[in-house]
Every structure is written in C-alpha cells, then in structure tokens.
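Here the working numbering is used: the first residue of the sequence shown is 7, the next is one more, and so on. Think of the CB as a built atom: it goes at the ideal place given N, C-alpha and C, for glycine as much as any other residue.
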Amino acid sequence: MRTAQHWIDGNWRDSREHGDSVDPATGNVIGTYAMAGEEEAYTAIAAARRAFAQSQWRTDRQLRAQVLNRMADRFEGATDDLVEILSLENGKTRSQARLEVNFAPETLRFNAALALTDTGRASQVSAGEFSFMVRQPAGVSGIIAPWNSPVALGIRSLAPALAAGTTTVMNLPWQTAQTNAVVARLVGGTDGLEPGVANVITGGHVSGDVLVRSPDVPVISFTGSTATGRAISRAASENLKRVGLELGGKTPLILFADADLESALPVVVDALIVFSGQFCMTGSRLLVHTDLAERVREDLGKRLEAVRVGPAADPDSEMGPIISKKDVARIDRMVEEAIASGVKVIVRGGPVTDGPLAAGAFYRPTLLEAGDSKLDIVQNEVFGPVLTMQTFATEEEAVALANDSQYGLSASIFSHNVDLTMRVALALESGSVWINDWAKLHDQFEEGGFKASGLGRMRGFAVIDDFIEFKHVRLTPGVTQSEHKHHLAGGSS
Ligand code: NAD
Numbered sequence: 007m008r009t010a011q012h013w014i015d016g017n018w019r020d021s022r023e024h025g026d027s028v029d030p031a032t033g034n035v036i037g038t039y040a041m042a043g044e045e046e047a048y049t050a051i052a053a054a055r056r057a058f059a060q061s062q063w064r065t066d067r068q069l070r071a072q073v074l075n076r077m078a079d080r081f082e083g084a085t086d087d088l089v090e091i092l093s094l095e096n097g098k099t100r101s102q103a104r105l106e107v108n109f110a111p112e113t114l115r116f117n118a119a120l121a122l123t124d125t126g127r128a129s130q131v132s133a134g135e136f137s138f139m140v141r142q143p144a145g146v147s148g149i150i151a152p153w154n155s156p157v158a159l160g161i162r163s164l165a166p167a168l169a170a171g172t173t174t175v176m177n178l179p180w181q182t183a184q185t186n187a188v189v190a191r192l193v194g195g196t197d198g199l200e201p202g203v204a205n206v207i208t209g210g211h212v213s214g215d216v217l218v219r220s221p222d223v224p225v226i227s228f229t230g231s232t233a234t235g236r237a238i239s240r241a242a243s244e245n246l247k248r249v250g251l252e253l254g255g256k257t258p259l260i261l262f263a264d265a266d267l268e269s270a271l272p273v274v275v276d277a278l279i280v281f282s283g284q285f286c287m288t289g290s291r292l293l294v295h296t297d298l299a300e301r302v303r304e305d306l307g308k309r310l311e312a313v314r315v316g317p318a319a320d321p322d323s324e325m326g327p328i329i330s331k332k333d334v335a336r337i338d339r340m341v342e343e344a345i346a347s348g349v350k351v352i353v354r355g356g357p358v359t360d361g362p363l364a365a366g367a368f369y370r371p372t373l374l375e376a377g378d379s380k381l382d383i384v385q386n387e388v389f390g391p392v393l394t395m396q397t398f399a400t401e402e403e404a405v406a407l408a409n410d411s412q413y414g415l416s417a418s419i420f421s422h423n424v425d426l427t428m429r430v431a432l433a434l435e436s437g438s439v440w441i442n443d444w445a446k447l448h449d450q451f452e453e454g455g456f457k458a459s460g461l462g463r464m465r466g467f468a469v470i471d472d473f474i475e476f477k478h479v480r481l482t483p484g485v486t487q488s489e490h491k492h493h494l495a496g497g498s499s
C-alpha cells in the first residue's frame with residue numbers, strides 16, 4: 007500500500023505522522039497518508055517564498071498562461087483516474103465525481119486567459135504629470151480547501167493564485183489524501199512550473215493555522231465552514247492579511263404557485279442528494295406556496311424514498327455515502343432534535359443500519375416540515391441530505407423566509423412568471439440565484455456569499471483581485487511647462 011505524500015519544493019515529502027485513508031462506503035482502509043503538521047507547512051512556505059523572490063513566475067505572464075494551460079491538459083487527461091480515486095475515497099457517485107473533476111481544466115483555462123489580461127488605468131492627471139496603476143502579485147498565497155470537493159475547490163483558488171503570479175501553498179484535507187496526491191502529481195509535474203511555485207500538502211487545522219498566522223503568507227484563500235472562516239478571519243487579523251472566504255450555506259429552493267412540478271421536483275431532489283447533501287449549495291430549505299403544498303409533500307416524498315443509496319462502485323447508485331460514520335451520527339442527532347422540537351416528519355430517511363450497506367456511512371434522504379423558521383434544523387447547515395419544508399402564501403412571505411438566515415450563498419426560484427422571478431432574484435440576499443435551476447456555475451461568472459456565507463468572490467473577473475496588490479505610480483517625467491505648451495500649440499520636438 008502506497009503512502010500519499012506532500013509535494014513541496016518540487017519533491018515528494020513524507021511526514022513523521024501518518025494516517026489511514028478509508029472508503030466511506032465500506033469502512034475499508036484503502037491507503038495511508040503523510041499528515042502535515044507545523045514543520046511541513048513552514049517548509050512549504052519557505053519554498054514558496056524563495057520561488058516568489060527568485061523565479062520568473064511573478065513577472066512572466068506568458069509563462070503563467072502556458073503552464074496553466076498545460077496543467078489543464080494534464081487534469082483533463084487524468085479525468086478517469088481522478089474520478090476513480092475521488093469516488094472511492096470521498097464516496098461521490100461516478101457521475102457526481104465527474105461533475106466535480108470536470109471543473110478543474112475549465113477553471114485552469116479560464117485563469118490562463120486571465121493571466122494575460124491586464125486591465126489598468128493610466129491618466130495624464132495634470133500637465134506633463136502621469137499616473138498609472140500597476141497590479142502586482144501579493145506574494146505567497148495560502149490556500150485551504152475542504153474535503154467535500156477537494157479537486158474543484160482546490161483548483162478554484164489555485165488557478166487564480168497562480169494566474170496572478172503569486173506562489174502557493176495548498177493545504178488539502180486529510181480525508182481526501184489519496185485524491186490530493188493525484189492533484190499534487192498533476193500540478194507539480196507540469197512542464198515549466200519551477201520548484202516551490204506550487205506546493206501541495208495534506209493536513210488539517212494545524213498546518214492550516216500555520217498558513218493563516220505566518221507573516222510570510224499575505225493572502226489566504228479559504229473554503230470551508232462559517233465557524234472555521236470566522237476563526238481564520240480572527241487569526242489573520244493579527245497580521246492584517248487578506249482573506250477570501252467561501253463558507254457555508256442554507257440554500258432556499260422557492261416553489262411559487264405556477265411552478266411546473268414535473269420539471270422542478272427532479273431539480274429539488276438533485277439539490278438535496280448531489281454529494282449526499284455535503285455541498286455548500288445543497289438545497290436544504292424548501293419553501294412552497296400553500297397551493298402546491300399537498301402535492302409536494304406527496305410527490306417529493308415518493309421521489310426521496312425512491313432515491314437509490316449505494317456505493318459509487320455500483321453504477322445504479324444515485325447517492326453515495328456520507329464522509330464518515332461520525333458524520334452520519336451527527337446528522338441524525340440534528341434530525342432527532344428537530345423531531346423532538348416538533349417538526350413534522352414527511353420522510354424519515356436516516357442511517358442505513360442493516361443489509362450490505364450497514365458497514366458504510368450511508369444516510370437516506372430526509373424531509374421534515376417546519377412551522378417555525380427559528381428552529382436549529384432550519385437555521386443551521388446540516389451538511390447531509392436533510393431537507394426542511396415551509397409554506398408561504400405571498401411573494402413577500404417567500405422572500406422574508408428565504409432571507410431569514412445568517413447565510414446568503416445561493417438560492418433557487420421556480421416559476422415561469424418572469425416579472426416575479428426577477429423581482430425575487432433581486433430581493434434575495436444571496437451570491438447566486440438560479441431561476442428554474444440549481445447550482446449552475448460558470449468560470450466567467452463570480453460565485454460567493456452574502457452575509458455569513460463569505461467574503462470576496464471566486465471565479466469570474468473578480469477572482470484574481472484577491473491575489474493582487476494595486477500600486478499607484480505617479481510619474482513626473484521632467485517635461486517642462488514650456489515644452490508642454492509647445493506641444494499643445496502643435497509644435498514638434
Ligand atoms: P472546515 O471549516 O471544518 O474545514 C475546512 C478546512 O480548513 C479543513 O480541511 C482544515 O484543513 C482547515 N482548517 C480547519 N480549522 C482551521 C483553522 N483553525 N485554521 C486554519 N485552517 C483550518 O470545513 P469542512 O467540514 O471540511 O467543509 C465543509 C464546510 O465547507 C461546509 O460548511 C460547507 O458549506 C463549506 N463549503 C463552502 C463552499 C463554498 O464555496 N462556499 C464550498 C464547499 C464547502
């Protein structure tokens with residue numbers, strides 16, 4: 007059995023501490039991994055710092071674009087390998103793993119193009135005196151990504167960090183160490199990438215904390231929970247460093263009275279079960295117009311009961327396992343507490359405790375009806391396939407329910423009344439809004455959170471600004487006033 011290692015300064019590195027990688031569908035050990043602590047993080051930061059100071063990376067944008075395009079080709083060529091290991095280690099069904107993996111080459115290519123885009127301003131601010139803006143890479147970027155989509159989310163931060171000309175240390179989670187090693191091989195082996203420019207370590211909060219506290223890492227690009235985002239923001243403030251935060255969510259799915267349930271309900275099911283509900287954009291709050299409520303209870307209930315839960319290895323599986331048994335127990339505790347506090351059970355779902363799936367971390371989809379928005383199950387992210395349903399009678403009520411949340415990552419609206427959907431889209435406190443759809447993301451459009459769902463934006467043109475320092479240069483080139491007047495009068499020099 008091979009040990010998944012770190013990629014630091016152009017070499018594979020082991021650690022003193024090791025762990026076992028586990029298949030969540032069976033509980034079987036599938037490999038071992040080196041676990042980064044403080045030492046690995048400091049070594050990687052030193053390598054990235056040296057590469058920033060000494061390599062061509064920060065000044066050669068053609069090189070950056072070439073390398074990112076080559077990296078994209080490598081990820082595309084390794085799609086099947088990545089799908090295989092990600093579904094084994096993270097539990098995603100093959101089609102859902104492919105959905106994740108396919109983001110990587112697209113994101114890398116978009117950022118290769120961004121590397122060549124320099125949009126600045128220049129002005130003759132007064133006679134003979136000039137000002138212009140220079141965009142400079144900030145230094146070493148610290149990237150921290152979670153286990154639920156390590157390939158797509160790691161690359162979502164890595165690609166713009168490299169495009170901007172920063173050098174990087176990427177802290178990927180120990181839960182997906184085997185996948186991280188494939189990512190490290192694909193990134194690290196890219197032709198033209200000098201040692202130290204992109205370092206990939208497998209770790210957790212100890213190595214992550216080193217990145218956050220190090221004065222040598224001026225930028226942190228973090229994806230993870232709101233609680234950790236807050237802790238990182240506090241720690242980073244010591245050094246006044248810049249943090250991009252992509253955090254948790256509690257996505258409302260709003261079914262208006264004219265919604266076409268035949269097309270909307272399959273989207274609602276997907277919004278709940280994709281990545282087994284372990285998706286920042288999981289549709290977890292269903293808001294239904296009272297006219298539709300009875301039909302939705304019945305029809306959606308049937309659809310959720312029919313979801314085929316099983317391992318990624320079985321092509322018939324529609325929803326894979328949860329990341330661990332511990333998380334199955336945590337999710338079920340939240341559901342039990344909700345039931346005790348009075349929510350109505352439409353579909354109980356819950357842990358699979360018998361039959362061939364019992365050894366794995368499986369949880370069947372759950373649908374609960376809540377009368378009160380203040381309940382924990384409505385307010386807090388479950389990070390599992392648990393959907394609450396609430397009803398509303400008016401557009402204002404729907405918007406108020408949707409916005410009654412600390413989160414503001416994304417929302418879906420189902421209606422064919424274009425005026426209503428646009429009014430509601432503009433009123434929602436949400437970074438992304440989909441109309442008659444869910445979780446459609448494109449590299450050319452920004453993604454991120456309002457309120458406690460984050461700070462800054464990933465993707466789109468805004469993404470690169472996280473990794474850039476803007477510098478105003480004022481140039482008084484010695485053009486004398488009389489020479490200037492001569493020019494204005496049409497004289498030649
Ligand atoms: P988490 O916040 O517990 O951990 C994320 C990573 O942060 C860990 O893998 C670890 O390496 C690192 N970390 C933990 N504590 C740290 C600390 N104090 N300092 C520095 N680094 C630290 O999140 P998780 O449970 O791994 O991931 C699930 C969460 O991520 C959910 O809340 C989900 O909504 C969110 N998420 C958000 C997005 C988005 O784009 N907004 C995408 C995916 C996941």
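| task | Take N17 and list the residues in its own chain whose beta-carbon comes closer than 7 Å to its own, dropping the five residues that flank it on each side. | result | Position 11 of the sequence shown, counted from the start, is the residue given in the question as residue 17. Result list for N17: empty, nothing under 7 Å.
| task | Helix, strand or coil for I14, going by three-state DSSP, please let me know. | result | Position 8 of the sequence shown, counting from 1, holds the residue named residue 14. I14: strand per DSSP, three-state reduction.
| request: Answer yes or no: the CB of H448 versus the heavy atoms of the ligand NAD, is any distance below 7 Å? | output: For the purposes of this step, residue 448 is identified with residue 442 of the sequence shown, where counting begins at 1. No, the ligand NAD has no heavy atom inside 7 Å of this Cβ.
| request: List the residues that DSSP assigns as beta-bridge partners of I474. | output: Along the sequence shown, one-based indexing puts residue 474 at 468. Beta-bridge pairing links I474 to P143.
| message | Taking only three categories from DSSP, how would you classify V203? | response | Here residue 203 is taken as the residue at index 197 of the sequence shown, counted from 1. Coil, per DSSP.
| request: Can you say whether P143 is buried or exposed, counting buried as having 16 or more other CB atoms within 10 angstroms of its CB? | output: As a position in the sequence shown, residue 143 is number 137, starting the count at 1. When all chains shown are included, P143 counts as buried.
| Between the CA atoms of M340 and Q385 - distance to the nearest angstrom | Reading the sequence shown from its first residue, position 379 is the one you call residue 385. Reading the sequence shown from its first residue, position 334 is the one you call residue 340. Q385 and M340: Cα-Cα distance of roughly 11 Å.
| said: At a threshold of 7 Å, does W18 count as lining the ligand NAD (C-beta to nearest heavy atom)? | reply: If you number the sequence shown from 1, residue 18 lands on position 12. No, the Cβ of W18 stays beyond 7 Å of every heavy atom of the ligand NAD.
| query | Helix, strand or coil: how does DSSP classify F420 here? | reply | Within the sequence shown, the letter at position 414 stands for residue 420. Strand at F420.
| Collapsed DSSP secondary structure at N177 in the structure displayed | Here the question's residue 177 lines up with position 171 in the sequence shown. Three-state result, N177: strand.
| Inter-residue Cα distance where the pair is R219 and R240 | Looking up residue 219 in the sequence shown gives position 213. Looking up residue 240 in the sequence shown gives position 234. So the two alpha carbons sit approximately 10 Å from each other.
| field | L481, buried or exposed, once every other Cβ within 10 Å from all chains shown has been counted against 16 | value | Here the question's residue 481 lines up with position 475 in the sequence shown. When all chains shown are included, L481 counts as exposed.
| request: Go ahead and pull the three-state DSSP assignment for H211. | output: What you label residue 211 is simply residue 205 of the sequence shown in a count that begins at 1. Residue state, collapsed to three classes: helix.
| query | Straight-line CA distance for D215 to E23? | reply | The residue given as residue 215 occupies position 209 in the sequence shown. The residue given as residue 23 occupies position 17 in the sequence shown. One C-alpha to the other measures close to 17 Å.
| Under the DSSP definition of a beta bridge, which residues are partnered with A128? | What you label residue 128 is simply residue 122 of the sequence shown in a count that begins at 1. F138, per the DSSP bridge assignment.
| task | Flag V223 as yes when its Cβ comes closer than 7 Å to any non-hydrogen atom of the ligand NAD, and as no otherwise. | result | The sequence position of residue 223 within the sequence shown is 217, counting from 1. Every heavy atom of the ligand NAD is 7 Å or more from the Cβ of V223, so no.
| message | Using only CA atoms, which one of R127, V430, T123 and V223 lies nearest to V479? | response | Taking the first residue of the sequence shown as position 1, residue 479 is located at position 473. When each option's Cα is compared against that of V479, the closest is R127.
| query | Can you round the beta-carbon distance between A277 and A445 to whole angstroms, since I take them to be within the 8 Å contact cut? | reply | Taking the first residue of the sequence shown as position 1, residue 277 is located at position 271. Taking the first residue of the sequence shown as position 1, residue 445 is located at position 439. With a Cβ gap of about 7 Å, A277 and A445 count as contacting.
| said: Here's the rule I'm using: 16 or more other beta-carbon atoms within 10 Å means buried, otherwise exposed. How should S243 be labelled? | reply: Taking the sequence shown and counting its residues from 1, one reaches residue 243 at position 237. With fewer than 16 other Cβ atoms within 10 Å, it is exposed.
| request: Could you please give the first and the last residue of the uninterrupted alpha helix (DSSP H) stretch that includes D305? | output: The sequence position of residue 305 within the sequence shown is 299, counting from 1. First-last of the alpha helix (DSSP H) with D305: T296 to E311.
| query | Taking 7 Å as the line, does the beta carbon of D215 fall inside it for any heavy atom of the ligand NAD? | reply | Against the sequence shown, residue 215 aligns to sequence position 209. Yes.
| Rounded to whole angstroms, how far is the Cβ of A151 from the Cβ of L74, which I believe are closer than 8 Å? | As a working note, residue 151 is residue 145 in the sequence shown. As a working note, residue 74 is residue 68 in the sequence shown. Contact doesn't hold; Cβ gap of about 18 Å is too wide.
| query | Buried or exposed: V140, going by 16 or more other Cβ atoms within 10 Å of its Cβ? | reply | Working through the sequence shown from its first residue, we reach residue 140 at position 134. Exposed is the call here.
| When N96, I51, E46 and A71 are compared against R115, the one with the closest alpha-carbon | In the sequence shown, counting from the first residue as 1, residue 115 sits at position 109. Considering only alpha carbons, the answer is A71.
| message | Considering only their Cβ atoms, is the gap separating I207 from I14 smaller than 8 Å? | response | Residue 14 sits at position 8 when you count from the first residue of the sequence shown. Residue 207 sits at position 201 when you count from the first residue of the sequence shown. Contact: yes.
| said: Quick check: what's the CA-CA separation for G289 versus P483? | reply: Counting from one through the sequence shown, the residue named residue 289 turns up at place 283. Counting from one through the sequence shown, the residue named residue 483 turns up at place 477. If I take the Cα positions, the gap works out to 58 Å.
| request: May I ask which residues mark the beginning and end of the beta strand (DSSP E) holding S93? | output: Your numbering for residue 93 matches position 87 in the sequence shown. That residue, S93, is in no beta strand (DSSP E); its alpha helix (DSSP H) goes T85 to N96.
| Are G455 and G255 touching if we call contact CB-CB under 8 Å? | Stepping through the sequence shown from its first residue, residue 455 is reached at position 449. Stepping through the sequence shown from its first residue, residue 255 is reached at position 249. Their beta carbons are under 8 Å apart, which means G455 touches G255 by this criterion.
| message | Just verifying my parser: in three-state terms, what is the DSSP assignment at I260? | response | Counting from 1 along the sequence shown, the entry for residue 260 is found at position 254. Reduced to three states, the DSSP call for I260 is strand.
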